[in-house]
Structures are given as C-alpha cells and as structure tokens.
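First comes the structure, then the notes that go with it.
Residue numbers (the numbering used here): 65 to 482.
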C-alpha cells in the first residue's frame, strides 16, 4: 500500500494536508550535444566512436544512433562488436545509441560494455526524500517524520565503453601538426580487442624508464611518484569532462558521485495545511531552505580539443582516414597543452575570415555573430552527448546544480500528534 493510500485509511484529523506533486527533475549534468559516429579501422580490427562539431556524419560512416545493420553486409564490424548493443545476432546487429547519452568508462563490475545505465529524469520516492518534520505554530509540538533520507542514483543516461589511451604513437608537439594516433590521445573503443600501442585508461602505473615519451606528455597529472612511475587517466566508471581556463575542474581532477543523499536543507521551503483546527492555525511552519545540490556523476577532467586544420569532411560518401584528423573533429587528450593545428574546445570566438572552411562547418551552432566571428564548442565542465532524438547539435543541456521545486517533491503528508 502506498504512503498516500495509507493516509487515506486514517482519520483526516491525524494527518496534515498533502504537499508535492511527484514531478520529475532533469538528472543530466551540464552537457554539450555533438555529432558522434561509429568508425571502423579494418586494418586494426577495431571500432571507435569519433566526435564532430558539425551536423552530418562524414563520408559514409554511420551515426551512433542504435540503428540495426545487416550482418551479411557488415561481417567485419559484426565480428568486432557482435550483439553487444542489440540485434538478433542472426540477420542483424545494432550500433551503440548515443543520442542524448554520455559515454562512461567500463571495466567495473557495475558498468559492462553495452549495458546502458542511469536515467535522464528522476522522480523521488518517499524514502528518498530527506527525513523532515514541521513545527506547529502556537504549539510546542511537531508533526511526525516523513522521508527516510535514502540515496538516489545520480548517473545521467550513460553507455559504458572501453576508454583507451595511446601509449605508442606520434609525439604531439606544440610546434608541429600531428597525425593519429598520438601519445596521450584518448578514444572510446566499442569492442573488446585493444590494438598494440594502446591500453585501457584504468589508472594503471607505468614505468617511466619504459615510457619516457608518454611520461613527457602527461607527467604525473593522474598520479605516480614521478621518479620511477606515473599513472594513466582512470576513466573506469567515469565520464570525461572538459577542462580549460575558467573550468572548475582541473586536468586529471575527479568530481561527482554515483548517488546522492539529499539533506533537509535541499528541500524547497514548503508547508502543509492542518486539517483540524485543534492547533488554531491553518498551516504548519515551513521546512526546507531550497539549497541546490551538486549534479555530477563521477567525472574526470580531460583536455578536449578541436581540429582547426584537418581534412575537410565529405557529405557524399567515401571513407575517413584513420590516421588523419578531420576538420572540426573533437578529440580527448591527456596532456596539458595543445598541439599545432588544434584548439581547446573552450568556446573561444574565431575570426570567420581566417577560418572560412571551419566556419562553413560549425556556422554559429556554438555562438558568434555569423558576420565576423563564430564560436568553438565550449566543453569546460561539460560532458559530451550525441545528437538525435530531440537533442540538437550545439545545444547545452542539463545543469551542474539542481534546486528542487515544491512540485518535484513526492506528494506527502505528516502525521499529527494525538
């Protein structure tokens, strides 16, 4: 029997009136919508997610939208990902669906490859409301306690992937352009076969002596003693969040929690009617301060960059090269600098006249006046989610803090003293 059904069986004089409507609240942390596609490297037999700041899938690459593909026409891709993301395994299989969904690192027992987790909307249960009471004016007594202060899952809709980092590749110099793969490059692998020169971004300690070039790129940003060893980024159970000047999170910094337990101060200020005039008042006193709470699932600060000088993407079929950046492509990097030909995805305004090709792709999706300037995506303190299903390219969705409204409390009442 529900809480309110239980109340309805009691004498109305023993309970307050009901407050709250049980409306849901948006559980998405601050996110930017970008184009995400599935790219297969048939030479390496791997499949990764690539991200772009423009509104189409380059070449003939499929969008990561959960579509079903024919096994007979895509045997190599099927051999890599199988039915990890869906499909009957007989005639078809599914691609990952990242529409409005973030990528979270797998390799933990609770986050297995392909198993979607989290939720976009949260509706509090009676037990997830903070335990609280209301005093009764002109009385020394208070109402009974309602709520049990149980936690709720704080993960926005997320899809586990294998985040991997390049340990043997081109050196990303600030003074020259760089090809893929480059040291410290972070990609989202959607299969289980990790190619040579890459390893899971799982926080492992590596020997400096055996990885001098990679150590020169990332140092001890993610841990290690800096004498004999250094640590890789640990994206297990975490989403990547962009860092740059002005971000609250620093490179390699961790934030967020899997679950949240609300405090009574997080309740919106609210009252309950008194259904009996025993106390000489029509309302209880108010409880709740309406204080916001942090809305961030476990996150790791990484350097998101956008290519300013890559290959111009084709809308008319063909392939995209596995070794060459695409103009307008977004890449994660574990280093604290930017190679030549790249810029931090920090919302900077660029001159149209100096970046005509890039402007033709990005237009003013991310800001700018469209006459003399346009803006880059701003991923500072933000997560990437894929476009589609109502999520439009360039939109900033979600929030870093949530302030509950009275309607978002579960409809509830309080017992009254005898």
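Note that CB positions come from ideal geometry on N, CA and C, so glycine has one too.
How many Å lie between residue i and residue j at the Cα?
i: residue 80; j: residue 473; result: 15 Å
i: residue 326; j: residue 194; result: 6 Å
i: residue 202; j: residue 346; result: 11 Å
i: residue 76; j: residue 470; result: Summary for residue 76: the model assigns pLDDT 47, below 50, so the residue's position carries little reliability; its value from the coordinates is reported in the next sentence. The straight-line gap from Cα to Cα measures roughly 22 Å.
i: residue 360; j: residue 482; result: 43 Å
i: residue 444; j: residue 252; result: 19 Å
i: residue 529; j: residue 200; result: Residue coverage of the chain in this structure runs from 65 to 482, which leaves residue 529 outside it and unanswerable.
i: residue 164; j: residue 99; result: 11 Å
i: residue 258; j: residue 109; result: 9 Å
i: residue 228; j: residue 269; result: 14 Å
i: residue 339; j: residue 352; result: 21 Å
i: residue 157; j: residue 114; result: 20 Å
i: residue 256; j: residue 440; result: 33 Å
i: residue 385; j: residue 286; result: 31 Å
i: residue 178; j: residue 408; result: 29 Å
i: residue 430; j: residue 413; result: 9 Å
i: residue 483; j: residue 320; result: Since the first and last residues shown for the chain are 65 and 482, residue 483 lies out of range.
i: residue 304; j: residue 324; result: 20 Å
i: residue 272; j: residue 284; result: 10 Å
i: residue 8; j: residue 302; result: A query on residue 8 cannot be resolved here, the shown segment of the chain reaching from 65 to 482 and no further.
i: residue 149; j: residue 131; result: 10 Å
i: residue 274; j: residue 433; result: 49 Å
i: residue 415; j: residue 139; result: 45 Å
i: residue 405; j: residue 300; result: 30 Å
i: residue 291; j: residue 230; result: 21 Å
i: residue 208; j: residue 342; result: 16 Å
i: residue 166; j: residue 101; result: 13 Å
Who are the near neighbours of residue i in its chain, counting only those whose CB is closer than 8 Å to its CB and skipping five residues on each side?
i: residue 183; result: 91, 217, 219, 220, 221
i: residue 234; result: 242, 243, 244, 245, 246, 247
i: residue 392; result: 116, 117, 118, 370, 371, 374, 377, 422, 425, 426
i: residue 463; result: 90, 92, 93, 94, 359
i: residue 226; result: 169, 170, 171, 177, 252, 253, 254, 255, 256, 258, 264
i: residue 103; result: 111, 112, 113, 114, 125, 384, 386
Shortest alpha-carbon distance to residue i belongs to which of the options?
i: residue 458; options: 128, 442, 314; result: 442
i: residue 418; options: 430, 436, 412, 432; result: 436
i: residue 460; options: 411, 125, 261; result: 411
i: residue 476; options: 142, 166, 145, 190; result: 190
i: residue 126; options: 271, 161, 323; result: 161
i: residue 112; options: 328, 262, 408, 439; result: 262
i: residue 398; options: 344, 406, 323, 315; result: 315
i: residue 479; options: 225, 267, 206, 103; result: 206
i: residue 197; options: 204, 186, 210, 185; result: 210
i: residue 187; options: 395, 434, 89, 343; result: 89
i: residue 298; options: 129, 275, 291, 265; result: 265
i: residue 143; options: 254, 416, 358; result: 254
i: residue 145; options: 105, 124, 120; result: 105
i: residue 403; options: 454, 236, 120, 155; result: 236
i: residue 401; options: 249, 155, 129; result: 249
i: residue 438; options: 420, 455, 453, 454; result: 420
i: residue 260; options: 238, 239, 120, 232; result: 232
i: residue 453; options: 124, 128, 344, 363; result: 128
i: residue 368; options: 120, 240, 394; result: 394
By Cβ distance below 6 Å, which residues in the same chain neighbour residue i in space, the five residues on each side in sequence not counted?
i: residue 192; result: 214, 216
i: residue 153; result: 147
i: residue 83; result: 334, 336
i: residue 180; result: 223
i: residue 329; result: 353, 355
i: residue 73; result: Only weak support is given to the placement of residue 73: the predicted model assigns it a pLDDT of 35, under 50, and the value that follows is read from those uncertain coordinates. Here the set comprises nothing.
i: residue 87; result: 471, 472
Might you give, ordered along the chain, the residues of its own chain that have their beta carbon closer than 7 Å to the beta carbon of residue i, omitting 5 neighbours on each side?
i: residue 356; result: 465, 466, 467
i: residue 317; result: 365
i: residue 85; result: 471, 475
i: residue 312; result: 445
i: residue 288; result: 269, 294, 295
i: residue 390; result: 116, 122, 371, 374, 375, 377, 384
i: residue 151; result: 132, 157, 158
Meets three-Cβ-pair contact criterion under 8 Å: the stretch 430-450 and the stretch 90-108:
Yes, since at least three Cβ pairs between the stretch 430-450 and the stretch 90-108 fall closer than 8 Å, the two stretches touch.
Would you call the stretch 304-312 and the stretch 280-290 touching, i.e. three or more CB-CB distances under 8 Å?
Because the criterion of three Cβ pairs below 8 Å is not met, the stretch 304-312 and the stretch 280-290 do not touch.
Starting from the N-terminal side, write out each stretch of the beta strand (DSSP E) that is 3 residues or longer and does not extend beyond the stretch 95-133.
Within the stretch 95-133, the complete beta strand (DSSP E) runs of at least 3 residues are 95-105, 110-116.
For a minimum of 3 consecutive residues, which ranges assigned as the beta strand (DSSP E) are wholly contained in the stretch 222-309?
Entirely contained in the stretch 222-309, the beta strand (DSSP E) runs reaching 3 residues are, in chain order, 222-230, 249-253, 262-264, 269-271, 293-295, 303-306.
Specify whether the stretch 378-388 and the stretch 348-356 touch according to this definition: at least 3 beta carbon pairs, one from each stretch, less than 8 Å apart.
Three or more beta-carbon pairs separated by less than 8 Å are not found between the stretch 378-388 and the stretch 348-356, which leaves the two stretches without contact.
Go through the stretch 392-416 residue by residue and report every complete run of the alpha helix (DSSP H) that reaches 4 residues or more, in order.
Within the stretch 392-416, not a single complete alpha helix (DSSP H) segment reaches 4 residues in length.
For the stretch 166-182 and the stretch 130-138, state whether three or more C-beta atom pairs, one from each stretch, are separated by less than 8 Å.
In this structure the stretch 166-182 does not lie against the stretch 130-138, because fewer than three pairs of beta carbons, one per stretch, are closer than 8 Å.
Can you list, in chain order, the stretches of the alpha helix (DSSP H) that have 4 or more residues and sit fully within the stretch 301-389?
Runs of the alpha helix (DSSP H) spanning 4 or more residues and lying entirely within the stretch 301-389 do not occur at all.
Could you tell me which uninterrupted alpha helix (DSSP H) segments, each at least 4 residues in length, are contained entirely in the stretch 130-164, listed from first to last along the chain?
Counting only unbroken stretches of 4 or more residues, the alpha helix (DSSP H) elements lying wholly within the stretch 130-164 are 139-145, in sequence order.
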